[in-house]
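Colleague: What follows is a single structure, and I will ask about it in a moment.
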Amino acid sequence: MSRHLFDLTGRTALVTGSSRGLGQAMAEGLAAAGAAVVLNGVDAARLADAAAEMRAGGHTVHEARFDVTDEAAILAAFATLDTRGVAVDVLVNNAGMQLRRPMVELETADWRRVIETNLTSAFVIGREAAKRMIPRGYGKIINIGSLTSDAARATVAPYTVAKGGIKMLTRAMTAEWAAHGIQANAIGPGYMLTDMNQALVDNPTFNAWVLARTPSRRWGRPEELIGTAVFLASAASDYVNGQIIYVDGGMLAVL
Ligand code: NDP
């Protein structure tokens, strides 16, 4: 075998929402495995800081600032990458948002915003990536789901529906694109320590529930997604298609 199974040298990975949190950790992990990375986010300063930090670590880093709910901006970003000769070999659809509200109080506009940000974005960006991967006969797509890809929880209905949709979008991508050498899979993180969850960590009742409910008795750290991300981005997963791998300290495995 000419290539180490987990080696990403020569590959380029676009990770949406990689200016912080889980996306930033996965981008760093993919870069450490040899990939050039395209970082994305909305906040210009945060994106620039994340890119500078990774460049200081010796990695090849491109920046593509766009809102994942803005289709015109997505098309423009891919056109710019095309012009610069940057081909996306690995796409991680990670950008997402949470909104906690009981369904009877939830405005339709907020429902749509959560679905657009967490699910429709993965379709649009996945489509644009796949259009370019199919002629090359190669591509790895990693969609970021959640425990709510498989289980519901009160006050997060649109997020639950979007993440359930991510699991099925991953299968739909598999049905259409696997024959073109594209592996589409998903990661379902458990409760991880990021900005998105800071209010929950700071809430003693919720924090105690997470610790008691998670068999490993702790929150996950962002860098604990790296192994699964590198696996799904690399040759090690070349016959793994349409799966969702939960990285959750065992939470979904137990009652
Ligand atoms: P954070 O809130 O910490 O970070 C979100 C990232 O996404 C930021 O880089 C942010 O950019 C970017 N982002 C948000 N909205 C958009 C947008 N409209 N367009 C472009 N970029 C955007 O989130 P996490 O790291 O915690 O979550 C990342 C993913 O993992 C999400 O899909 C989330 O649903 C999922 N997840 C998280 C879990 C957790 O426990 N944390 C558990 C399960 C799933 P900016 O800095 O510019 O705002």
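Sequential numbering of the sequence shown, starting at 1131, is according to the working numbering. Every residue, glycine too, gets a C-beta built ideally from N, C-alpha and C. In this text the structure is predicted, and so the values were computed from the model without any measurement.
(1) Using 8 Å for Cβ pairs, my map puts N1170 next to A1143. What's the rounded Cβ distance?
(2) Given the structure, does P1288 come close to the ligand NDP, in the sense that its CB is under 6 Å from one of the ligand's heavy atoms?
(3) Report buried or exposed for I1168, applying the criterion of at least 16 other Cβ atoms within 10 angstroms of its Cβ.
(4) Do K1297 and I1374 have their C-beta atoms closer together than 7 Å?
(5) Taking 8 Å as the threshold, find out whether the stretch 1281-1301 comes into contact with the stretch 1347-1354 through three or more Cβ pairs.
(6) With 16 as the cutoff for other CB atoms within 10 Å, does N1248 come out buried or exposed?
(7) Which ranges does the beta strand (DSSP E) cover as unbroken runs of at least 3 residues, wholly within the stretch 1279-1312, from first to last along the chain?
(8) Taking just the CA atoms, how far does R1242 sit from P1334?
(9) Less than 8 Å between the CB atoms is what I'm expecting for H1189 and A1161, so what's the real figure, rounded?
(10) Spatial neighbours of A1182 within its chain, please: CB distance less than 8 Å, with the 5 preceding and 5 following residues excluded, ordered by chain position.
(11) What is the DSSP secondary structure of T1358, reduced to helix, strand or coil?
(12) Cα-Cα, which of A1155, V1331, R1262 and F1361 is closest to T1213?
(13) Roughly how many whole angstroms lie between the Cα atoms of M1131 and A1165?
(14) For R1141, count neighbouring Cβ atoms within 10 angstroms of its own Cβ and tell me buried if that reaches 16, exposed if not.
Modeller: So, from the listed chains and residues:
(1) With a Cβ gap of about 11 Å, N1170 and A1143 do not count as contacting.
(2) no
(3) Checking the sequence shown, residue 1168 turns out to be Val, not Ile. It counts as buried.
(4) yes
(5) No, because fewer than three Cβ pairs between the stretch 1281-1301 and the stretch 1347-1354 fall closer than 8 Å, the two stretches do not touch.
(6) buried
(7) none
(8) 31 Å
(9) 4 Å
(10) Within the same chain, no Cβ atom closer than 8 Å to the Cβ of A1182 is found once the five residues on either side in sequence are excluded.
(11) helix
(12) R1262
(13) Low per-residue confidence applies at M1131: pLDDT is 46, beneath 50, and the placement is therefore not dependable, though the value from the model is reported in the following sentence. So the two alpha carbons sit approximately 19 Å from each other.
(14) buried
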